[in-house]
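Novice: Numbering follows the working numbering, with no gaps: position 42 of the sequence shown is 53. The structure follows.
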Amino acid sequence: MSDPPPLPAFPPRDPQGHKGTFGTVAVVGGCALAETRMIGAPTLSATAALRVGAGLARLVMPEPVLNAGLTLAPWTTGRAIPTDSRGEIIPHEAASVIDAVVKMCNCLAIGPGLGRGEGPRAATLRAIQQEDVPVVVDADALNALSEIPELTLDLHAAAVLTPHPGEFKRLCEGLGLKNNLGMDQSRTGAAEQLAQRLGCIVVLKGARTVVSNGQSSWESTYIDSCLAVGGTGDVLTGVIAGLIAQFVAPPPPFALPAGMAAKMPKPDGKPLTLFDAACLGVEVHAVAAQRWRASHANAAAGLLATELIDQLPGAVEQLRSR
């Protein structure tokens, strides 16, 4: 593998831009089942995307919980996914909603609080099959990936996968990959292996989060236990999606070999690659946590995901001014 690349410079913000200039993020998540109802996770992701500069965010949630999501995040818009009487997502309806949503966004994030079952699997499969916009795959969508028999070739979508070690293990098992993470396999080697296998970007979360595209890898220097709390992963998903929507060009209409794609000129105003955006997203997330600690007597615990979100604008400007 090549030497680790340097962290890319944070792109400037167009002072004459408008909300359309800065991209739209659609977040597919939430669960309406009575026994596993989840509402907050997708609102954290959508809000984080806006806090790092995305122009618009849309919640794509099961119909029975969409209004609650919009109440938690009134700065977003919404699109309902039809469900049955139990609140279970209807598989073919989920696929149709994904098809419609990708036409109106610059990045699709899927998985926060999505739950398990046929409906979430159908939504995830359609998300990774589309080739129109980049997709960030997290949480329950990663679990769905590990259960999809069709996952035998590279993902069609330009994708960023953000597993924690447990989700990573399930993905490797589903793909029949050797997984000795934490034993005789390094985190960097493990992330590279999965990225190569699926033709995607892998963000392997944890102390010193690793980002890999299968050819080169970047490792965060941050270790911070204050991030070990529910919701911070949903925030990271939104941060990465928000940066992609603003600064990453849409996938080309045809596949290019990796070497050739790296040499293609980047469109004006879209200076980052998918790998760049994932690395910067991890760095913004870590710097936001540091800023929270600095304002709380260097506390090692007690951070709430919403407080992390509040630190994102300052973290972005701190990195932009480096």
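Ideal placement from N, C-alpha and C gives every residue a C-beta, glycine not left out. Since we're looking at a predicted model, the values are computed, not measured.
Which full runs of the alpha helix (DSSP H) of 4+ residues lie inside the region 130 to 162, going along the chain?
Specialist: Counting whole runs of 4 or more residues, the region 130 to 162 contains the alpha helix (DSSP H) stretches 150 to 157.
Novice: Would the beta-carbon of Val-221 fall within 7 Å of that of Ser-228?
Specialist: Counting from one through the sequence shown, the residue named residue 221 turns up at place 210. Counting from one through the sequence shown, the residue named residue 228 turns up at place 217. Yes; because the gap between Cβ atoms is below 7 Å, this pair is in contact.
Novice: Can you tell me where the beta strand (DSSP E) with Arg-97 in it begins and where it stops?
Specialist: To locate residue 97, count along the sequence shown from 1; it is residue 86. No beta strand (DSSP E) holds Arg-97; DSSP gives it neither H nor E.
Novice: Work out the CA separation of Val-295 and Ala-105 for me, nearest whole Å.
Specialist: Counting from 1 along the sequence shown, the entry for residue 105 is found at position 94. Counting from 1 along the sequence shown, the entry for residue 295 is found at position 284. For Ala-105 and Val-295, the distance between alpha carbons rounds to 32 Å.
Novice: List the DSSP bridge partners of Val-71.
Specialist: For the purposes of this step, residue 71 is taken as the residue at position 60 of the sequence shown. BP columns for Val-71 point to Val-39 and Arg-90.
Novice: Assuming the contact rule is C-beta atoms closer than 8 Å, Leu-153 and Leu-172 should be a hit. Round their C-beta distance to whole Å, please.
Specialist: Translated into positions along the sequence shown, residue 153 becomes position 142. Translated into positions along the sequence shown, residue 172 becomes position 161. That pair is a contact at about 6 Å.
Novice: Here's a check: name, in chain order, each residue in its chain whose Cβ is nearer than 6 Å to the Cβ of Tyr-233, leaving out the five neighbours to either side.
Specialist: Walking along the sequence shown from the start, residue 233 turns up at place 222. These residues qualify, in order along the chain: Ala-297.
Novice: Can you list, in chain order, the residues of its chain whose CB lies under 6 Å from that of Ala-300, leaving out five sequence neighbours each side?
Specialist: In the sequence shown, the residue the question calls residue 300 occupies position 289. Cβ within range, chain order: Asp-235, Cys-237 and Leu-238.
Novice: How far does the alpha helix (DSSP H) with Leu-61 in it extend, from its first residue to its last?
Specialist: Position 50 of the sequence shown, counting from 1, holds the residue named residue 61. Note, Leu-61: alpha helix (DSSP H), 51 to 62.
Novice: Going by DSSP in three states, Ile-320 sits in which element: helix, strand or coil?
Specialist: Indexing the sequence shown from 1 puts residue 320 at position 309. Reduced to three states, the DSSP call for Ile-320 is helix.
Novice: Pick from Gly-124, Ile-50 and Pro-22: whose alpha carbon is nearest that of Thr-82?
Specialist: For the purposes of this step, residue 82 is taken as the residue at position 71 of the sequence shown. It is Ile-50.
Novice: In whole angstroms, give me the CA-to-CA distance for Ile-92 and Ala-312.
Specialist: Within the sequence shown, numbered from 1, the residue matching residue 92 stands at position 81. Within the sequence shown, numbered from 1, the residue matching residue 312 stands at position 301. When rounded, the distance between both Cα atoms is 36 Å.
Novice: Check whether the region 174 to 185 touches the region 247 to 261, counting contact only when three or more Cβ pairs, one atom from each stretch, lie closer than 8 Å.
Specialist: The region 174 to 185 is not in contact with the region 247 to 261.
Novice: Take the Cβ of Ser-56 as the centre, count every other Cβ of all protein chains shown within 10 Å, and call the residue buried at 16 or more, exposed below.
Specialist: Here residue 56 is taken as the residue at index 45 of the sequence shown, counted from 1. Buried, because 16 or more other Cβ atoms sit within 10 Å of the Cβ of Ser-56.
Novice: Look at the Cβ atom of Ile-121, then the Cβ atom of Val-39, and state whether they are nearer than 7 Å.
Specialist: As a first step, residue 121 is located in the sequence shown; it is residue number 110 there, counting from the start. As a first step, residue 39 is located in the sequence shown; it is residue number 28 there, counting from the start. Yes, these two residues count as a Cβ contact at 7 Å.
Novice: Restricting to runs no shorter than 4 residues, where is the alpha helix (DSSP H) found entirely within the region 184 to 249?
Specialist: Those alpha helix (DSSP H) runs which fall completely within the region 184 to 249 and span 4+ residues are 198 to 209.
Novice: Does the beta-carbon distance from Ala-150 to Pro-123 come in below 7 Å?
Specialist: Start at 1 with the first residue of the sequence shown, and residue 150 comes out as number 139. Start at 1 with the first residue of the sequence shown, and residue 123 comes out as number 112. Going by C-beta atoms, Ala-150 is nearer than 7 Å to Pro-123.
Novice: Are the Cβ atoms of Ala-79 and Ala-68 separated by less than 7 Å?
Specialist: Here the question's residue 79 lines up with position 68 in the sequence shown. Here the question's residue 68 lines up with position 57 in the sequence shown. In this structure, Ala-68 does not lie closer than 7 Å to Ala-79 by Cβ.
Novice: For the candidate residues Gly-241, Ala-65 and Pro-26, whose alpha-carbon lies nearest to that of Val-36?
Specialist: Numbered from 1 along the sequence shown, position 25 holds the residue referred to as residue 36. Nearest option by C-alpha distance: Ala-65.
Novice: According to the Cβ coordinates, are Asp-321 and Ala-52 closer than 7 Å?
Specialist: Looking up residue 321 in the sequence shown gives position 310. Looking up residue 52 in the sequence shown gives position 41. No; because the gap between Cβ atoms is not below 7 Å, this pair is not in contact.
Novice: Pull up the DSSP beta-bridge partners for Cys-118, would you.
Specialist: Within the sequence shown, residue 118 is the residue found at index 107, counting from 1. According to DSSP, which records beta bridges pairwise, Cys-118 is partnered with Val-36.
Novice: Nearest-angstrom Cα distance between Leu-188 and Ile-109?
Specialist: To locate residue 188, count along the sequence shown from 1; it is residue 177. To locate residue 109, count along the sequence shown from 1; it is residue 98. Leu-188 and Ile-109: Cα-Cα distance of roughly 29 Å.
Novice: Once you ignore the five residues that flank Gly-325 on each side, which residues in its own chain have a CB closer than 8 Å to its CB?
Specialist: For this step, residue 325 is matched to residue 314 along the sequence shown. These residues qualify, in order along the chain: Ala-299 and Arg-302.
Novice: Please report the residue range of the alpha helix (DSSP H) in which Leu-172 lies.
Specialist: Taking the sequence shown and counting its residues from 1, the one referred to as residue 172 is at position 161. No alpha helix (DSSP H) contains Leu-172, which is instead part of the beta strand (DSSP E) from 170 to 172.
Novice: So, for Gly-242: in the same chain, excluding its five sequence neighbours on each side, which residues have a beta-carbon less than 6 Å away from its beta-carbon?
Specialist: Position 231 of the sequence shown, counted from the first residue, corresponds to residue 242. Only Leu-55 and Ala-316 meet the Cβ criterion.
Novice: For Ala-201, count neighbouring Cβ atoms within 10 angstroms of its own Cβ and tell me buried if that reaches 16, exposed if not.
Specialist: For the purposes of this step, residue 201 is taken as residue 190 along the sequence shown, with counting starting at 1. Ala-201 is buried by the Cβ-count criterion.
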